[in-house]
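In what follows, a structure is listed as structure tokens, so that the remarks can point back to it.
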Amino acid sequence: MFGKKDNSSIKTLIAHGTRIDGDMKFEDGLRVDGEVYGMIQAGSERGSLLVISEGAVVEGGVKADHIIINGTVKGPVEAVEVLELQAKARIEGDVQYRALEMHQGATILGQLRPMATAADVQDDKPLFRLAAKRA
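Here's what the structure looks like:
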């Protein structure tokens with residue numbers, strides 16, 4: 001998507017019927033089919049992939065480079081690169097993303113906040129300088 005090939009692969013699975021209580025970090029790729037009560041965060045600086053499947057529930061925040069949601073997340077969502085919300089995605093919390101793909105049927109109860117890219121930050125600097133000179 002967006003001209004980038006995702007080289008992440010799913011190396012860890014939380015299966016349907018499994019419940020995890022507590023925060024967790026993962027490397028590379030994680031697929032959640034069960035329930036997680038706590039924060040899920042990618043532990044690596046390189047591309048990470050988090051998939052929350054249909055029927056899965058996460059009560060706590062999630063943070064990764066590429067996040068695909070088709071289940072329920074109750075907590076903040078931060079996609080450093082891409083957030084894909086499939087038709088059965090349900091989010092109760094604020095959402096930060098660099099790029100967003102949202103399918104019909106997905107719902108968000110919270111604020112959407114696009115993350116600034118390096119180009120956006122560079123473009124904003126001259127505007128702030130001009131405003132500061134006039135004040």
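Each residue of the sequence shown is one higher than the one before, starting from 1 at the first, in UniProt numbering.
Even glycine gets a Cβ: it sits at the ideal position worked out from N, Cα and C.
Between Asn70 and Ser48, the C-beta gap is not smaller than 7 angstroms, which leaves the two residues out of contact.
The three-state secondary structure of Arg46, taken from DSSP, is coil. In this structure the segment 81–95 does not lie against the segment 35–45, because fewer than three pairs of beta carbons, one per stretch, are closer than 8 angstroms. At the C-beta level, Ile40 and Val62 come within 7 angstroms of one another. Taking C-alpha positions only, Thr12 is separated from Thr18 by approximately 13 angstroms.
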